[in-house]
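Peer 1: Numbering (this note's numbering), first residue to last: 5 to 785. I am attaching a structure below and will ask some questions about it afterwards.
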């Protein structure tokens, strides 16, 4: 068997560790990660090695040449080719069964067992799998009882998670599979090749390993992997010695007689530990380091040539090569000190803080945020819908400016910005707007407006993006970012923004453009073509001031006298104009499923024959749609995913009767519904009474974040031909169903049930709540 090591990764999420070196060159216990991978491969007698290169290729190539001479073949990408594309680049070399492995993981997975499984199963592609607590950053996999892969999804959201079994990025592949990979084109194993292999029903199996595997994708994971190594969880060739002796010494190590060493420890060559220092437990110290007298250091990693001054307190910190601390310095958990940075006396670095290379922290300074560029927040920036928070916590003024700067760096072109008419939203609007301008983008300023007007203006004027700020409650604001179609951005762009935010990867422009005022409300009113006949002869009751105010903004002439004691329809539009509550002439409110039914009726009246419904929709929606000859397609539950699905089936973005404009424009939907009621001379109450009766319940089950993948896997294992997976997993029982969905923002899962009667719905709900409770134990109450 041959081996190909993928070593083209930049490792942007690992910065500042990778500011000056490629990710495969990051040291693991004193040796580059790629050295450990080559050493691991060599244990199985694999001698034919190739390495794919892209980012800083010479640093890898020069190091490997010093270690192995010309025994390794190199394949350089001139442009990013993706994981599979980079391996295709080595097709001439890969003329036999070969293993693909990343050069930047830590593992002791048994490649012999994986190879034997591959051959015995008759597989053409074998994925080496492992189980993790939180699978969001990996490819999630389900296999049958023989190990054959039946489902695969790369980097899912919580709603898409169907297992805690994930792809390690280690593959055993037969050479003919390379014929499926296009030449000189970006092509990924997970996103492109594996779905194609599944579709063509080519044998693809998963080998689940219980050996150690860790992707060092962040500073926290990097530090954890070293602590795992010291505990003996992974064998990189010296586990037995660590377990037996507790301390591994390099050459020419000098330790003062009064110093105390607490195992387990790895100490590199030419290191000096001065008087009364206490080192350990859990420290890996590279070559040429000095640790001053009276210093205590544990749970930490020192690369090479690090100088630690006297009386330091070092806890859970990674020091890159050449870093220096003076006397009485304190550093705390999950902090990183970049290459050749200097911490002067009495300075302090708080937990989860990163200092980039070549920085100086002056005497007595307490660092709580990433140096120079801003803060580092390990929590997810995006929730279920956009960015949410308040001005006193995660969305401080400096963070809002930073968000604007990053938005300007991600989108290339003019950006429209607007907000609701509320003080906190208007403050956030100003700050984000200034950040976008600082990035060099031209800002079109809508100021106080509504979300549907923003969406329409983006499409009409060709803006590359839009940002809208609205209030969730008195203290919480919500930032909605839209693409050039006026849709909420998809999760790929969310991840790009979140990653830039986390690692402070953005630039400030030397050229600042003046903002341009934009009256989007006027444009939107013209789009709706409001006139008095829009309201017809119906008696309309405005259920809140916002409804009257919004319609006043759109057309001041036709609002007065529109409230009625005895009304045909009651309207309550949300502050942002996106949503609407509707009440029939008997005072009954329409729920979400019933509103979608009304949208179907309006769409049908206007020639529409396809409709997108959320995965948690009532069963009656599908039934009545079939009677109306409407084809329904499920979407994931979140609004951005629904928008994406709608745009797949709708061509005219500005059609007022399109599902997009009926679903995400409360004003337009209300007017089109009134038009429908007038034309058909039908009462809302008659429509409501015609809807089949269903009882839909839901309950939130608290659980640990790490339990979510386990819960979904257990549910998936009990699925049958009646089960459906799209956003969570749905079990169908004739005229009843149950849906389990992991919450995207909370450590919790939500269970929905629906049946013709409340008794049936409650019985189903309780049955599945009990099943979840058994999986997670008493902590999930």
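Ideal Cβ positions, reconstructed from N, Cα and C, are used throughout, including at glycine. Please read all numbers here as calculations on a predicted model, not as lab measurements.
Between the Cα of residue 264 and the Cα atoms of 545, 97 and 300, which residue gives the shortest distance?
Peer 2: Residue mapping note: residue 264 aligns to position 260 of the chain shown, counting from 1. If we check each option's Cα against that of residue 264, 300 comes out closest.
Peer 1: Can you tell which of 156, 137 and 114 has the C-alpha that lies nearest to the C-alpha of residue 216?
Peer 2: The residue you call residue 216 lines up with position 212 of the chain shown. Taking only the C-alpha atoms, the option nearest residue 216 is 114.
Peer 1: List the endpoints of the continuous alpha helix (DSSP H) containing residue 694.
Peer 2: Numbered from 1 along the chain shown, position 690 holds the residue referred to as residue 694. Residues 688-694.
Peer 1: Please work out which residues of its chain come closer than 8 Å, Cβ to Cβ, to residue 273, disregarding the five sequence neighbours upstream and downstream, and give them in chain order.
Peer 2: Translated into the one-based positions of the chain shown, residue 273 becomes position 269. Cβ neighbours of residue 273 beyond the five flanking positions: 254, 255, 256, 257, 291 and 292.
Peer 1: Where do the N-terminal and C-terminal ends of the alpha helix (DSSP H) with residue 777 fall, by residue?
Peer 2: By one-based count along the chain shown, residue 777 stands at place 773. Per DSSP, residue 777 belongs to the alpha helix (DSSP H) from 762-780.
Peer 1: Determine the DSSP secondary structure at residue 173, reduced to helix, strand or coil.
Peer 2: Mapped onto the chain shown, residue 173 falls at position 169. For residue 173, the secondary structure class from DSSP, reduced to helix, strand or coil, is strand.
Peer 1: Decide if the stretch 6-18 is in contact with the stretch 90-108; the criterion is three or more beta carbon pairs, one per stretch, under 8 Å apart.
Peer 2: yes
Peer 1: Using DSSP's beta-bridge definition, name the partner residues of residue 643.
Peer 2: Position 639 of the chain shown holds residue 643. Under DSSP, residue 643 takes part in no beta bridge, so it has no partner.
Peer 1: What are the partner residues of residue 219, as DSSP defines its beta bridges?
Peer 2: On the chain shown, residue 219 is found 215 positions in, with the first residue counted as 1. Answer is 109, bridged to residue 219.
Peer 1: Beta carbon of residue 755, beta carbon of residue 703: below 9 Å?
Peer 2: Here residue 755 refers to the residue found at position 751 when the chain shown is read from its first residue. Here residue 703 refers to the residue found at position 699 when the chain shown is read from its first residue. Yes, they are a contact pair.
Peer 1: What residues match up with residue 287 in a beta bridge as DSSP calls it?
Peer 2: The residue labelled residue 287 in the question sits at position 283 within the chain shown. Looking at the DSSP assignment, residue 287 forms a beta bridge with 269 and 304.
Peer 1: Can you grab the Cα-Cα spacing for the pair residue 377 / residue 340, in whole Å?
Peer 2: Position 373 of the chain shown, counting from 1, holds the residue named residue 377. Position 336 of the chain shown, counting from 1, holds the residue named residue 340. Residue placement at residue 377 cannot be trusted, given a pLDDT of 41 that sits under 50; the coordinates are not used to answer.
Peer 1: DSSP has residue 472 in a bridge; who is on the other side?
Peer 2: Within the chain shown, residue 472 is the residue found at index 468, counting from 1. Answer is 422 and 484.
Peer 1: Quick check: the Cα distance between residue 535 and residue 679, rounded to an integer number of angstroms?
Peer 2: Numbered from its first residue, the chain shown carries residue 535 at position 531. Numbered from its first residue, the chain shown carries residue 679 at position 675. Legend: pLDDT at residue 535 = 49, less than 50; position of this residue unreliable, value from coordinates given subsequently. Between residue 535 and residue 679, the C-alpha separation is close to 12 Å.
Peer 1: Classify residue 188: buried if its beta carbon has 16 or more other beta carbons within 10 angstroms, exposed otherwise.
Peer 2: Here the question's residue 188 lines up with position 184 in the chain shown. That one is exposed.
Peer 1: Could you tell me which residues DSSP pairs with residue 210 in its beta bridges?
Peer 2: To locate residue 210, count along the chain shown from 1; it is residue 206. In DSSP, residue 210 forms a bridge with 131.
Peer 1: In whole angstroms, what separates the C-alpha of residue 55 from that of residue 198?
Peer 2: Numbered from 1 along the chain shown, position 51 holds the residue referred to as residue 55. Numbered from 1 along the chain shown, position 194 holds the residue referred to as residue 198. So the two alpha carbons sit approximately 22 Å from each other.
Peer 1: Which word fits residue 520, buried or exposed, when buried means at least 16 other C-beta atoms lie within 10 angstroms of its C-beta?
Peer 2: Translated into positions along the chain shown, residue 520 becomes position 516. Exposed, because fewer than 16 other Cβ atoms sit within 10 Å of the Cβ of residue 520.
Peer 1: Quick check on residue 74 - is its C-beta less than 9 Å from some C-beta in chain B?
Peer 2: No chain B appears in this structure, which consists of one protein chain only.
Peer 1: Please report the straight-line C-alpha distance between residue 326 and residue 714, rounded to a whole angstrom.
Peer 2: If you number the chain shown from 1, residue 326 lands on position 322. If you number the chain shown from 1, residue 714 lands on position 710. When rounded, the distance between both Cα atoms is 43 Å.
Peer 1: Opposite residue 701 in the DSSP bridges: which residues?
Peer 2: The residue labelled residue 701 in the question sits at position 697 within the chain shown. Paired residues: 757.
Peer 1: Can at least three beta-carbon pairs, one atom from the stretch 589-608 and one from the stretch 651-668, be found at a separation below 8 Å?
Peer 2: yes
Peer 1: Assign residue 74 to one of three DSSP states: helix, strand, or coil.
Peer 2: Taking the first residue of the chain shown as position 1, residue 74 is located at position 70. Note: residue 74 maps to coil in three-state DSSP.
Peer 1: Just curious, the alpha helix (DSSP H) that residue 457 is in, first and last residue?
Peer 2: In the chain shown, the residue the question calls residue 457 occupies position 453. Counting along the chain, the alpha helix (DSSP H) containing residue 457 begins and ends at 455-465.
Peer 1: Spatial neighbours of residue 48 within its chain, please: CB distance less than 6 Å, with the 5 preceding and 5 following residues excluded, ordered by chain position.
Peer 2: Taking the first residue of the chain shown as position 1, residue 48 is located at position 44. So the qualifying residues of the chain are 115 and 116.
Peer 1: Using a 10 Å radius around the Cβ and a threshold of 16 neighbouring Cβ atoms, would you call residue 1 buried or exposed?
Peer 2: In this structure the chain extends from 5 to 785, so residue 1 is not present and cannot be described.
Peer 1: Please list, in chain order, all residues of the same chain as residue 386 whose beta carbon is under 7 Å from its beta carbon, the five residues on each side excluded.
Peer 2: In the chain shown, the residue the question calls residue 386 occupies position 382. These residues qualify, in order along the chain: 498 and 502.
Peer 1: To test your reading of the DSSP string, which unbroken beta strand (DSSP E) runs of 3 or more residues are found completely within the stretch 300-356?
Peer 2: 300-302, 304-306, 317-319, 321-323 and 339-341
Peer 1: Going by DSSP, what residue range makes up the alpha helix (DSSP H) through residue 511?
Peer 2: Position 507 of the chain shown, counted from the start, is the residue given in the question as residue 511. No alpha helix (DSSP H) contains residue 511, which DSSP labels as neither H nor E.
Peer 1: Which first and last residues belong to the beta strand (DSSP E) in which residue 448 is found?
Peer 2: Working through the chain shown from its first residue, we reach residue 448 at position 444. Element bounds for residue 448: 447-452.
Peer 1: Out of curiosity, what's the CA-to-CA distance linking residue 423 and residue 437?
Peer 2: For this step, residue 423 is matched to residue 419 along the chain shown. For this step, residue 437 is matched to residue 433 along the chain shown. One C-alpha to the other measures close to 11 Å.
Peer 1: Using CA atoms only, rank isn't needed, just tell me which of 463, 234, 219 and 686 is closest to residue 135.
Peer 2: Within the chain shown, residue 135 is the residue found at index 131, counting from 1. Closest option to residue 135, Cα to Cα, is 219.
Peer 1: Report the rounded CA-to-CA distance for residue 793 versus residue 406, giving the unit in angstroms.
Peer 2: For residue 793 there is no data in the structure shown, the boundaries of the chain being 5 and 785.
Peer 1: Return the chain-ordered ranges of every alpha helix (DSSP H) run that is complete within the stretch 601-632 and spans a minimum of 4 residues.
Peer 2: 623-631
Peer 1: Determine, using beta carbons only, whether residue 86 and residue 192 come nearer to each other than 9 Å.
Peer 2: The sequence position of residue 86 within the chain shown is 82, counting from 1. The sequence position of residue 192 within the chain shown is 188, counting from 1. Yes, these two residues count as a Cβ contact at 9 Å.
Peer 1: Nearest to residue 746 by CA position, among 548, 709 and 94, is which residue?
Peer 2: Here residue 746 corresponds to residue number 742 of the chain shown, with the count starting at 1. Nearest option by C-alpha distance: 709.
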